[in-house]
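A.B. asks: Before anything else, here's the structure in question.
So, in structure tokens, the structure goes:
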């Protein structure tokens, strides 16, 4: 009788251990964030010709750098909120020497409408009142 009870308890514990995929109500699942946060606003600040230091100031240090391709920086960001669907963004920047030449990835820089110059162009234009 004692052996039957031990075998029953072992069988029950093994059966219950195999059921972690059953959702348990009320269990809190944490948000899992990996990599640098990449927003549209940050990517829109990137312009061809920026130096590597300027890009680092805007996006932060790239989490992935390739020793064989030092003119390519990869930024990968993923977020899974509370056990839900994982969202991932990827951004790859290409440099020629120290200057940014090309941007690829899930987020593209917002283009400035043709009738509105960007703030950098406005600040560099001469003031007609000074003439």
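Residue numbers (our numbering): 1 to 131. In this text, a Cβ means the ideal position worked out from N, Cα and C, and glycines have one as well.
Using the C-alpha atoms, what's the distance from residue 103 back to residue 42?
C.D. replies: Here residue 42 is taken as the residue at index 42 of the chain shown, counted from 1. Here residue 103 is taken as the residue at index 103 of the chain shown, counted from 1. Using only the alpha carbons, I get a separation of about 13 Å.
A.B. asks: Kindly indicate which three-state DSSP category residue 64 falls into: helix, strand or coil?
C.D. replies: Working through the chain shown from its first residue, we reach residue 64 at position 64. If DSSP states are grouped into helix, strand and coil, residue 64 belongs with the strands.
A.B. asks: Does DSSP put residue 88 in a helix, a strand or coil?
C.D. replies: The count along the chain shown starts at 1 and reaches residue 88 at position 88. Looking at residue 88 - three-state DSSP - the assignment turns out to be strand.
A.B. asks: For the structure I just gave you, are there three or more beta carbon pairs, one from the region 65-82 and one from the region 31-45, closer than 8 Å?
C.D. replies: Yes: the two stretches touch, three or more of their Cβ pairs being nearer than 8 Å.
A.B. asks: Buried or exposed, going by whether 16 or more other CB atoms sit within 10 Å of the CB of residue 100?
C.D. replies: Against the chain shown, residue 100 aligns to sequence position 100. Answer is buried; the Cβ neighbour count reaches 16.
A.B. asks: Rounding to the nearest angstrom, what Cα-Cα distance links residue 127 and residue 65 in this structure?
C.D. replies: Translated into the one-based positions of the chain shown, residue 127 becomes position 127. Translated into the one-based positions of the chain shown, residue 65 becomes position 65. Interpretation of residue 127 is limited by its pLDDT of 49, a score under 50 that renders its predicted location unreliable; the figure taken from the coordinates is listed afterwards. Computed Cα separation, rounded: 43 Å.
A.B. asks: What span of residues does the alpha helix (DSSP H) with residue 59 cover, start to end?
C.D. replies: Locating residue 59 in the chain shown gives position 59, counting from the first residue. Segment 52-59, the alpha helix (DSSP H) holding residue 59.
A.B. asks: Whose C-beta lies closer than 7 Å to the C-beta of residue 94 among residues of the same chain, with five residues either side of it excluded?
C.D. replies: Translated into the one-based positions of the chain shown, residue 94 becomes position 94. Correct list, in chain order: 71, 72, 101 and 102.
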